[in-house]
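In terms of my numbering, the sequence shown is residues 4 to 114.
Just so you know, even glycine gets a beta-carbon here, dropped at the ideal spot from N, CA and C.
Heads up, the thing below is written out as structure tokens.
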Amino acid sequence: MLDYVALFVIFFLMIAATVAILFFGELPGKIARKRGHPWPEEVNVMNWIGHIFVPFYPLALTWTYLPFPAPCADRITDNPEGKDQLDRLRERHATLQEAVSRLQTLHESYK
Numbered sequence: 004m005l006d007y008v009a010l011f012v013i014f015f016l017m018i019a020a021t022v023a024i025l026f027f028g029e030l031p032g033k034i035a036r037k038r039g040h041p042w043p044e045e046v047n048v049m050n051w052i053g054h055i056f057v058p059f060y061p062l063a064l065t066w067t068y069l070p071f072p073a074p075c076a077d078r079i080t081d082n083p084e085g086k087d088q089l090d091r092l093r094e095r096h097a098t099l100q101e102a103v104s105r106l107q108t109l110h111e112s113y114k
């Protein structure tokens, strides 16, 4: 009878370990998708590789919680200060282009 109990315990532990591996294996990928991470599939791949090379799992889990920047265009257009800064840069660029064209005409006149 004790052999059957031991066999049942071993079988139960194997099933529990498999369920735990699958649960923790999907966790960083699910978190990344839920948070709208820009690279959820890469996090998921790094996570599954982490089951073979253990240091990758904590890196994948950390990667899911790292703040990721918005694309540059969104950051400038959504921020009123960014719009003002962009307008100032465009004005400065136009001024510099005018100065360069005046210098070029001046240089050509001395030839």
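| said: Taking 9 Å as the threshold (C-beta atoms), are His40 and Thr67 in contact? | reply: Taking the first residue of the sequence shown as 1, we reach residue 67 at position 64. Taking the first residue of the sequence shown as 1, we reach residue 40 at position 37. Thr67 is a Cβ neighbour of His40, given a cutoff of 9 Å.
| request: Kindly indicate which three-state DSSP category Met116 falls into: helix, strand or coil? | output: Outside the modelled stretch of the chain, which goes from 4 to 114, sits residue 116, for which no answer is possible.
| query | For Tyr7, does the count of other Cβ atoms within 10 angstroms reach 16, so buried, or fall short, so exposed? | reply | What you label residue 7 is simply residue 4 of the sequence shown in a count that begins at 1. Under a 10 Å Cβ-count criterion, Tyr7 is classified as exposed, with fewer than 16 other Cβ atoms of the shown protein chains found around its own Cβ.
| query | Hey, Asn47 and Tyr60: beta-carbon distance below 9 Å or not? | reply | By one-based count along the sequence shown, residue 47 stands at place 44. By one-based count along the sequence shown, residue 60 stands at place 57. Contact flag unset, no.
| task | Pick helix, strand or coil for Pro43, following the three-state DSSP scheme. | result | Position 40 of the sequence shown holds residue 43. If DSSP states are grouped into helix, strand and coil, Pro43 belongs with the helices.
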